[in-house]
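**Student:**
2 protein chains.
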Amino acid sequence: MTGLEFSILATDGAARRGKLTTAHGVIDTPAFMPVGTAATVKALTPDQVAQTGAQVVLCNTYHLMLRPGADRIEALGGLHRFMNWPGPILTDSGGFQVMSLASLRKIDEEGVTFRSHVDGSAHALTPERCMQLQHQFGVDITMALDECTPFPATREDATKSMRLSMRWAKRCKAAFVPRPGHGLFGIVQGSTFADLRAESAAALREIGFDGYAVGGLAVGEGQEQMLATLDVTVPHLPADRPHYLMGVGKPDDIVEAVLRGIDMFDCVLPTRSGRNGQAFTRQGALNLRNARHATDPAPLDPLMDCPASRDYSRAYLHHLVKANEILASVLLTWHNIAFYQTLMRDLRSAIESGRLNEFAARFLEDYRRPKAEEP
Amino acid sequence: MTGLEFSILATDGAARRGKLTTAHGVIDTPAFMPVGTAATVKALTPDQVAQTGAQVVLCNTYHLMLRPGADRIEALGGLHRFMNWPGPILTDSGGFQVMSLASLRKIDEEGVTFRSHVDGSAHALTPERCMQLQHQFGVDITMALDECTPFPATREDATKSMRLSMRWAKRCKAAFVPRPGHGLFGIVQGSTFADLRAESAAALREIGFDGYAVGGLAVGEGQEQMLATLDVTVPHLPADRPHYLMGVGKPDDIVEAVLRGIDMFDCVLPTRSGRNGQAFTRQGALNLRNARHATDPAPLDPLMDCPASRDYSRAYLHHLVKANEILASVLLTWHNIAFYQTLMRDLRSAIESGRLNEFAARFLEDYRRPKAEEP
Chain A
1 MTGLEFSILA TDGAARRGKL TTAHGVIDTP AFMPVGTAAT VKALTPDQVA QTGAQVVLCN
61 TYHLMLRPGA DRIEALGGLH RFMNWPGPIL TDSGGFQVMS LASLRKIDEE GVTFRSHVDG
121 SAHALTPERC MQLQHQFGVD ITMALDECTP FPATREDATK SMRLSMRWAK RCKAAFVPRP
181 GHGLFGIVQG STFADLRAES AAALREIGFD GYAVGGLAVG EGQEQMLATL DVTVPHLPAD
241 RPHYLMGVGK PDDIVEAVLR GIDMFDCVLP TRSGRNGQAF TRQGALNLRN ARHATDPAPL
301 DPLMDCPASR DYSRAYLHHL VKANEILASV LLTWHNIAFY QTLMRDLRSA IESGRLNEFA
361 ARFLEDYRRP KAEEP
Chain B
1 MTGLEFSILA TDGAARRGKL TTAHGVIDTP AFMPVGTAAT VKALTPDQVA QTGAQVVLCN
61 TYHLMLRPGA DRIEALGGLH RFMNWPGPIL TDSGGFQVMS LASLRKIDEE GVTFRSHVDG
121 SAHALTPERC MQLQHQFGVD ITMALDECTP FPATREDATK SMRLSMRWAK RCKAAFVPRP
181 GHGLFGIVQG STFADLRAES AAALREIGFD GYAVGGLAVG EGQEQMLATL DVTVPHLPAD
241 RPHYLMGVGK PDDIVEAVLR GIDMFDCVLP TRSGRNGQAF TRQGALNLRN ARHATDPAPL
301 DPLMDCPASR DYSRAYLHHL VKANEILASV LLTWHNIAFY QTLMRDLRSA IESGRLNEFA
361 ARFLEDYRRP KAEEP
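Taken in order, these protein sequences are the chains called A and B.
Going by this note's numbering, the first residue of the first sequence is number 1, and it counts up by one from there.
Going by this note's numbering, the first residue of the second sequence is number 1, and it counts up by one from there.
(1) Distance, Cα to Cα, Leu-66 of chain A vs Leu-317 of chain B?
(2) Which first and last residues belong to the beta strand (DSSP E) in which Leu-104 of chain B is found?
(3) From which residue to which residue does the alpha helix (DSSP H) around Gly-190 of chain B run?
(4) Quick one: using the 10 Å Cβ neighbour count with 16 as the cut-off for buried, is Thr-233 of chain B buried or exposed?
(5) Who are the Cβ neighbours of Lys-415 of chain B in its own chain at under 6 Å, not counting the five residues just before and after it?
(6) Using a beta-carbon distance below 8 Å, is Thr-192 of chain B in contact with chain A?
(7) Between Asn-357 of chain A and Arg-260 of chain A, what straight-line distance do the alpha-carbon atoms span, to the nearest angstrom?
(8) Which residues does DSSP list as the beta-bridge partners of Tyr-244 of chain B?
(9) Mind checking which residues open and close the beta strand (DSSP E) that includes Thr-37 of chain B?
(10) Along the region 300-334 of chain A, what residues have a CB closer than 9 Å to any CB found in chain B?
(11) Assuming Gly-95 of chain A contacts Asp-146 of chain A under a Cβ cut-off of 8 Å, what Cβ separation, rounded to an integer in Å, is found between them?
(12) Please give me, in chain order, every unbroken run of the alpha helix (DSSP H) with length at least 4 that falls completely inside the region 72-142 of chain A.
(13) Using DSSP's beta-bridge definition, name the partner residues of Val-57 of chain B.
(14) Please state the DSSP three-state secondary structure of Leu-145 of chain B.
(15) State the Cα-Cα distance for the pair Phe-82 of chain A and Glu-199 of chain B, rounded to the nearest angstrom.
(16) Going by CA-CA distance only, name the one from A:Asp-263, A:Ala-291, A:Val-258 and A:Asn-290 that's closest to Phe-363 of chain A.
(17) Can you tell me which of the three DSSP states Val-49 of chain B falls into?
(18) Determine whether the Cβ of Asp-419 of chain B lies closer than 8 Å to any Cβ atom of chain A.
(19) Beta carbon of Ser-313 of chain A, beta carbon of Ala-323 of chain A: below 8 Å?
(20) At least one CB of chain A closer than 8 Å to the CB of Pro-180 of chain B: is that the case?
(21) Report yes or no: is there a C-beta of chain D within less than 8 Å of the C-beta of Met-162 of chain B?
(22) First and last residue of the alpha helix (DSSP H) that includes Ser-7 of chain B?
(23) What residues in the region 77-97 of chain A bring their beta carbon closer than 9 Å to a beta carbon of chain B?
(24) Just to confirm before moving on: does the CB-CB distance between Ala-70 of chain B and Phe-137 of chain B stay below 8 Å?
(25) Could you tell me the alpha carbon to alpha carbon distance between Gly-25 of chain B and Asp-47 of chain B, rounded to whole angstroms?
(26) With which residues is Pro-251 of chain B paired in a DSSP beta bridge?
(27) Any C-beta of chain B within less than 9 Å: which residues of the region 46-68 of chain A qualify?
(28) Does the separation of the CB atoms of Leu-269 of chain B and Gly-249 of chain B fall below 8 Å?
(29) So, under 8 Å CB-CB, Thr-91 of chain B and Thr-45 of chain B are touching, yes? Tell me the CB distance rounded to an integer number of Å.
(30) Which of helix, strand or coil does DSSP assign to Lys-19 of chain B?
(31) Compute the Euclidean distance between the alpha carbons of Cys-139 of chain A and Gly-183 of chain A, then round it to the nearest angstrom.
(32) Can you check which of these residues, A:Thr-229, A:Gly-211, A:Ser-103 and A:Asp-311, is closest to Leu-217 of chain A by C-alpha distance?
(33) Following the continuous beta strand (DSSP E) through Gly-25 of chain B, name the residue where it begins and the one where it ends.
(34) Excluding the five sequence neighbours on either side, which residues of its own chain have a C-beta within less than 7 Å of the C-beta of Glu-221 of chain B, listed in chain order?
(35) What three-state label does DSSP hand Gly-186 of chain B in the structure shown?
(36) Does the Cβ of Pro-86 of chain A have 16 or more other Cβ atoms within 10 Å, making it buried, or fewer, making it exposed?
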């Protein structure tokens, strides 16, 4: 496939510094994609998102197919225009959210049927429908429909689930409409079983995708098992294509995964935590609700190039959180996304200069050092 | 008093185009002050507020004295630094909110005692304490403590209440610490009784203030009686000092009041309405929750120099409101404040060019024309 150009500019161990070129712009990798579930990165304007250095956002097919609907978005000129985000957009397949949010789910060979958590209406999601929806959105990166295997899973269940996802992946590839600057990613499943992961990766390679995602992780297995699964999965992914670890993660998860050859990430953590009064720093996460911040004139990080990190005291942020002010959500989300983007920029620089191990060791030591009382 | 320089650049009938110079910058009048109750114009960053053209914000002494407290704000460098708003700030006296929000209120000659709506703690507000609090905040414009006479009031109650406010005004003047660029405003009371308003204005003139506010309006008397009260009040205010109509109002209220010689306004309407899905336009207020906006690709106002007004379709705003997204509050508040600031700029231009009556007639006709179904 030639939908998305991907070039690797530098490597450092298994880690790669790349450039993924889409119809709506370039994504420097390793990249973190802020989550914009319902066509908005919650609490931020697109300008604020872009100011953090984020180049691509992820939206959720499940939410958008239910509200406002793919026909509506298409009629309004596509998702980019609808949400006023001119850069690249990736949408997930909807499969994961169907399993976590919808009711009366029924999964079979054909696909999945369910009822909307918004209004109870009945819907179906098949590989073909999933491709059509994302085509209507007009997104740059389309994800194949898969079943996110629940954790823990027996070997038998994991095998059955993975093989269903692989058959769906093939149908997705057949239904996807290729066009320049637009690409389709397949998703490796197989739970924590090394041979199933290898089988899944081989099946996807055989079909051929623009990028390869690792799914079914960050679902309760813990960091150690997640990283062990990456160790036995990433080597089976085509080296010349982007590797995307779905739904991950905490800053230290990301550093560990980049060391293992992952190029793309998404996670609700920085946005959701921001709305809950938490701020990420190099010294770990802070809870701004904590009384010890009430009199602190220091900003979250005076060296970061983000107004939210630099121009407001922790005392003021504490006040906003306590008073349930919307601006608390805005500023903490903004800072958190900027923190993640700063981390990604640092990781890219470290790979370019061949000092990733040094950077990662130092970052992880600072980040994981036991804290007095947070959060 | 010489704390605040006020120069009148042009007049048109009773209307004035002025410049009020404070320690933190110039306020072009007629001016609308967005309300930043708890040291934040709800949902907006200070940069967004400034981008609308707003030059001054109003904060509420009652809220800030309770949380985070005046000592805390003073220790953190004052209210400007605390909320990262470098421009002029006006604080109200706290009296109005004590009456509407606090419990166990007791008012006597000395002042008012009450319990906090936040945590039930006991507090007292006297004219002297009120001056001290606003001094600690470091605001540019301090408001005298008054009793906002409830509406309707008997002549006897209105007289008693107004005269208490006038005795408090004298104590405020005595307690206020004059310094360059900082000023104290007195507040005319007297309900809807013309002779009481005249008596109150005379009492304030006798004391001498940097500016003169008209209080006790927009409390249920209706637009007609409000304007009639302005007609019998403004002529008694010193012509060379700013005139501030507190808590007003709807766009058409503001146009009518400017025609009658009012220079300053504040109101929660644009911010509160924004959080409730309403947008102000020249054709009246729109309710973005209304299904008729669901497919409308038009922005709120493509000619306004505000991203929120220009860069997002009504269909997208409808979607955000329906999905309870924070960005709905952000964008609609931003647009509404920008709409108010555009109106003030238009009013200032119209006065400068001697065409205020023409502008006002046209604006009021458009704004008041009966609408199909809104809100």
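The beta carbon of each residue, even a glycine, is placed where N, CA and C say it ideally should be.
The structure displayed is predicted, hence computed values, not measured ones.
**Tutor:** In this structure, then:
(1) Between the C-alpha atoms of Leu-66 of chain A and Leu-317 of chain B there is a straight-line separation of about 17 Å.
(2) Start and end: 103-107.
(3) Taken as a continuous stretch (DSSP letters only), Gly-190 of chain B belongs to no alpha helix (DSSP H), as it is neither H nor E.
(4) Residue environment: Thr-233 of chain B is assigned as buried (16 or more neighbouring CB atoms within 10 Å of its CB, all protein chains considered).
(5) Chain B is shown from 1 up to 375; residue 415 of chain B falls before or after that span and cannot be answered.
(6) no
(7) 11 Å
(8) B:Ala-213 and B:Met-264
(9) First-last for Thr-37 of chain B: undefined, no H or E at that position.
(10) Going along the region 300-334 of chain A in chain order, one finds Pro-307, Ala-308, Asp-311, Tyr-312, Ser-313, Ala-315, Tyr-316, His-318, His-319, Leu-320, Lys-322, Ala-323, Glu-325, Ile-326, Leu-327, Ala-328, Ser-329, Val-330, Leu-331, Thr-333 and Trp-334 with a Cβ nearer than 9 Å to chain B.
(11) Between Asp-146 of chain A and Gly-95 of chain A the Cβ distance is about 6 Å, and since that is below 8 Å, they are a contact.
(12) 79-83, 95-101 and 127-137
(13) B:Ile-89
(14) coil
(15) 58 Å
(16) A:Val-258
(17) DSSP places Val-49 of chain B in helix when its eight states are reduced to three.
(18) Outside the modelled stretch of chain B, which goes from 1 to 375, sits residue 419 of chain B, for which no answer is possible.
(19) Result no, Cβ atoms of Ser-313 of chain A and Ala-323 of chain A do not sit closer than 8 Å.
(20) no
(21) Within the model displayed, chain D is absent; protein chains A and B are what it includes.
(22) Premise fails: Ser-7 of chain B lies in the beta strand (DSSP E), 5-12, not in any alpha helix (DSSP H).
(23) Gly-77, Arg-81, Phe-82, Met-83 and Asn-84
(24) Yes, they are a contact pair.
(25) 16 Å
(26) Partner(s): none; Pro-251 of chain B has no beta bridge.
(27) For the region 46-68 of chain A, which is checked against every Cβ of chain B, the residues closer than 9 Å are Pro-46, Asp-47, Gln-48, His-63, Arg-67 and Pro-68.
(28) yes
(29) Rounded, the Cβ-Cβ distance is 20 Å, inconsistent with contact.
(30) strand
(31) Checking the sequence, you will find Val at residue 139 of chain A rather than Cys. Cα to Cα, Val-139 of chain A sits roughly 9 Å from Gly-183 of chain A.
(32) A:Thr-229
(33) 25-29
(34) Phe-151 and Thr-192
(35) strand
(36) Burial call: exposed.
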